[in-house]
Amino acid sequence: MLRLLVLEGNSRSGRRRIAQTAGATPGESYADLLRTLAPQAAVDIYLGTDEGASSPQPIDAYHGVAITGSSLNIYQCEAESMRQIEFVREVFARGIPMFGSCWGLQLAAVAAGGEVGLNPAGREVAFARKITLTTEGHLHPMHARRAAAFDAPAIHSDVVTRLPADTVITARNAICEVQAAEIRFGRGVFWGVQYHPEYRLHDVASVIRRYGQTLVDEGFFADLAELERYAADLSALEADPKRRDIAWRLGLDADIVSDAIRQTELANWVSFLECK
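Per our numbering, residue 10 is the first one in the sequence shown, and the count goes up by one each step.
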């Protein structure tokens, strides 16, 4: 039986804040999706930010480790981040395959010797547009069945600014040079994306509402009323994916609306593990 571990990237306060708007913590949502993609898998959650926490099973009991997003900034060097860096280094050393979204990519990059910082191009909000596969990305199993260019859910202001030694960029766009990558370090291999294949439209709406006035101040919305209309449209489209009027108004195609397409990279990682 496939046994997977989800590393929850958020602190206790961050988990509580996200659950209030999204209805679940990122770790819980990630684990639920993995159970959908691999119904026979056993999936555990590890609260790696918490002092004294330990994984439910010995690390070697897991066939793969998935890492959620996080509201932390790794360059702040907070204890919650440092604990995760050490854990990811241990997973690399043991040769256990990993996959990570957003924070997960940044965490693996730093654990393997890279650097992360604020994106000089600014924040990427709601959806990363016109992500394009690199030459290596076209051939990489992480992106199997992906179009050459696509959109994906995203929310981040930090990016990988210096790559670890053994890294291949597999996707990029105008806002972020490292939208997806494979990182090899020690005995391990990490596949990661700066976007969120695990997000539903509900999650994107929750993120927008949670950031609220910050997104207005940064010019993404004219005011909170416009922000709420946008979030409400996303929630309505989540409830009824056939709402062509909303998809057209927001410029969303099947790469966002279709669960199967949106979850491509994560589903491919699970398939990779099942075939090992």
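Don't be surprised by glycine CBs; every beta carbon is placed ideally from N, CA and C. Nothing here was measured: the structure is a model prediction, and the numbers come from that model.
query: Simplified DSSP assignment, three categories, for THR176; result: strand
query: Residue interval of the alpha helix (DSSP H) (run including ARG25); result: 21 to 31
query: For LEU14, the first and last residue of its enclosing beta strand (DSSP E); result: 12 to 16
query: Touching by the beta-carbon criterion (3+ pairs, under 8 Å), the stretch 158 to 174 and the stretch 87 to 106; result: no
query: Touch test, the stretch 211 to 220 against the stretch 179 to 194, Cβ-Cβ under 8 Å, three pairs minimum; result: no
query: Same chain only: Cβ atoms within 6 Å of PRO250, ignoring 5 sequence neighbours per side; result: VAL266
query: Backbone secondary structure at ALA241 - three-state DSSP; result: helix
query: Best match in ARG24, PRO67, GLY23, ARG12 for proximity to PRO48 [C-alpha to C-alpha]; result: ARG12
query: Of the residues GLY36, GLY32, LEU148, ALA161, the one placed nearest TYR204, counting alpha carbons only; result: ALA161
query: When LEU246, ASP53, ALA269, GLN272 are compared against GLY260, the one with the closest alpha-carbon; result: LEU246
query: Beta-carbon proximity of VAL52 to LEU114, cut-off 8 Å; result: no
query: Among ALA256, PHE281, GLU133, CYS185, the one whose alpha carbon lies nearest that of THR223; result: GLU133
query: Buried versus exposed call for MET107 [16 or more other C-beta atoms within 10 Å across all chains shown]; result: buried
query: Nonlocal neighbours in the same chain, by C-beta distance under 6 Å from ALA187, ignoring five residues either side; result: The displayed chain sequence assigns Val, not Ala, to residue 187. VAL169, ILE178.
query: Length of the line joining the Cα atoms of ALA37 and ILE54; result: The sequence given here has Glu at residue 37, not Ala. Answer to the nearest angstrom: the Cα atoms are 7 Å apart.
query: Validate contact between the stretch 26 to 35 and the stretch 65 to 76 using beta carbons, cut 8 Å, 3 pairs; result: no
query: From ILE94, VAL74, GLU274, GLY73, residue whose alpha carbon lies closest to that of LEU81; result: ILE94
query: Span separating the alpha-carbon of PRO65 from that of TRP257; result: 45 Å
query: Assumed close pair GLY195, ALA102 - CB separation to whole angstroms, cut-off 8 Å; result: 5 Å
query: Anticipated Cβ contact below 8 Å, GLU17 with LEU56, distance rounded; result: 5 Å
query: Distance, ARG253 Cα to ARG92 Cα; result: 45 Å
query: ILE164 versus LEU142, CYS185, THR141, LEU172, residue with shortest Cα-Cα distance; result: CYS185
query: Collapsed DSSP secondary structure at ARG196 in the structure displayed; result: coil
query: Alpha-carbon spacing of GLU283 relative to PRO206, whole angstroms; result: 19 Å
query: GLY78, buried or exposed, once every other Cβ within 10 Å from all chains shown has been counted against 16; result: buried
query: Reduced DSSP category for THR77 - H, G, I as helix; E, B as strand; rest coil; result: coil
query: Rounded distance between the beta-carbons of ILE83 and VAL15, thought under 8 Å; result: Not a contact, Cβ separation roughly 19 Å.
query: In DSSP terms, what ASP226 is bridged to; result: BP columns for ASP226 are empty, so no partner.
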